[in-house]
Amino acid sequence: MATAITPDTDDKRPIRRTWPRYIPMVVLALFFLFPIVFMFVSAFKTDSAIFADLRSPRAFLPIGELSFANFVGVFDRVPVLRFLFNSVFITTAIVGLGLIVNSMCGFALSRMKWRGQKIIFAIIIATLIVPFETVAIPLVYWVAQLPSVEFNGLMPTYSQGWLNTYHVQILPFVANAFFIFLFAQYFKSIPRELDEAARVDGASWFQIYWKLIVPLSGPVFATAAILTFVSSPGAWNAYLWPLMVAQQEELRPVMVGMQYFFQLDTAWGEIMAYTSIITLPVLLLFLCFQRAFVNSIASTGMKG
71 MATAITPDTD DKRPIRRTWP RYIPMVVLAL FFLFPIVFMF VSAFKTDSAI FADLRSPRAF
131 LPIGELSFAN FVGVFDRVPV LRFLFNSVFI TTAIVGLGLI VNSMCGFALS RMKWRGQKII
191 FAIIIATLIV PFETVAIPLV YWVAQLPSVE FNGLMPTYSQ GWLNTYHVQI LPFVANAFFI
251 FLFAQYFKSI PRELDEAARV DGASWFQIYW KLIVPLSGPV FATAAILTFV SSPGAWNAYL
311 WPLMVAQQEE LRPVMVGMQY FFQLDTAWGE IMAYTSIITL PVLLLFLCFQ RAFVNSIAST
371 GMKG
């Protein structure tokens, strides 16, 4: 015999009582999504259609005459694949080296006891208030004086200056004060009794870091990787620094490629197509690691 379905079940009552609180969240989410939706939709429209739809909701809807002509125009105007390769290579190197260096520094500041530890930690935190733009010019002068080694086959050749190289776009941004602070705060939340037990068993500090602390710190590593990817002045969104130190086109990342669209005639459809191409990797990365990102913010941010 079939059981009658009652409309008011115990499972539905909490949802009915709490759904009004989600309305502001949905409105706020739509507010932040509008520019992204406009960018992706406009990438498939002509310039005339973009301006015609600009003052109506049609600007956010994929209606009218749509085509991939803007994407074809992007590949004709700029070396997109080369720019993408440069950005992926530089960003991967910064993220990978940054996770190792910053986490080891955070481990030394949070788990080990040594003289001057608090002073060094305070100096590192103090550097957070110094904007990168204020040190960019002195940093360019400094890297231009550093010795450089290049290999012609197996024969090394020595020269002066790191300009127009990959490592000048990578090494200055490996160490980051904010991520050292983030790692240190997260490592402090792990019980110290684990260190003492490992030390009794004869483990070295590096073994404790690598075999004990790193496996327990997945969320903070994911957060640091995502934030480095999108916010480091030398990573995916880098514009000022590569513009100053990389004059050769084959060494420039994707953000510098934006200036190619404003040199002659400005094609807004192609600009939207180009920005869509360089935005997709960021969105995919965040979607893959969003759970770890939120978990880490909840654990490190509230306790910090």
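For the sequence shown, the working numbering assigns the number 71 to the initial residue and increments by one for each residue that follows. Just so you know, even glycine gets a beta-carbon here, dropped at the ideal spot from N, CA and C.
By the CB criterion at 9 Å, N222 and G168 fall outside the cutoff. For S118, the uninterrupted alpha helix (DSSP H) run begins and ends at 117-122, by DSSP. Our two residues, F155 and S180, have alpha carbons roughly 37 Å apart in a direct line.
Taking the C-beta atoms as reference points, I347 is found nearer than 9 Å to V324. DSSP places T293 in the helix class (H, G or I) of the three-state scheme. For P132, there is no enclosing beta strand (DSSP E), as DSSP marks it with neither H nor E. Here F145 has no same chain residue with a Cβ atom under 7 Å from its own Cβ, once five neighbours each way along the sequence are excluded. In terms of Cβ geometry, F253 and G166 do not form a close pair [threshold 9 Å]. Taking a C-beta distance under 9 Å as the contact criterion, L354 and Q239 do not qualify as a contact pair. For A316 and A206, the gap between their C-alpha atoms comes out near 14 Å. With a cutoff of 9 Å on beta-carbon distance, L209 and G231 are scored as not near each other. DSSP places Y228 within a strand segment (E or B) once states are collapsed to three. Put simply, the backbone Cα of A294 is about 28 Å away from that of R185. Fewer than three Cβ pairs drawn from the stretch 116-130 and the stretch 255-265 lie within less than 8 Å of each other, which leaves the two stretches out of contact. For F138, the three-state secondary structure derived from DSSP is coil.
DSSP, read as helix, strand or coil, puts F114 in coil.
Taking each of W275, A129, Y236, G134 in turn and checking the Cα distance to Q318, the smallest one comes out for Y236.
Rounded to whole angstroms, the gap between the alpha carbons of A343 and Y228 is 42 Å. Inclusion of I93 and N172 in the CB contact set at 9 Å is not warranted, their separation being larger than that value.
Under the DSSP definition of a beta bridge, S218 partners with S229. A305 carries a coil assignment under DSSP once its states are collapsed to helix, strand and coil. The C-beta separation of G304 from P351 comes to about 16 Å, leaving the pair out of contact by the 8 Å criterion.
Boundaries cannot be given for A245, as no alpha helix (DSSP H) includes it and DSSP labels it neither H nor E.
For W311, the enclosing alpha helix (DSSP H) starts and ends at 310-315. Out of I189, T162, S137, the CA that lies nearest to the CA of I296 is found in T162. W184 sits in coil when the DSSP states are folded into three classes, being neither helix nor strand. At least 9 Å separates the beta-carbon of I106 from that of T298.
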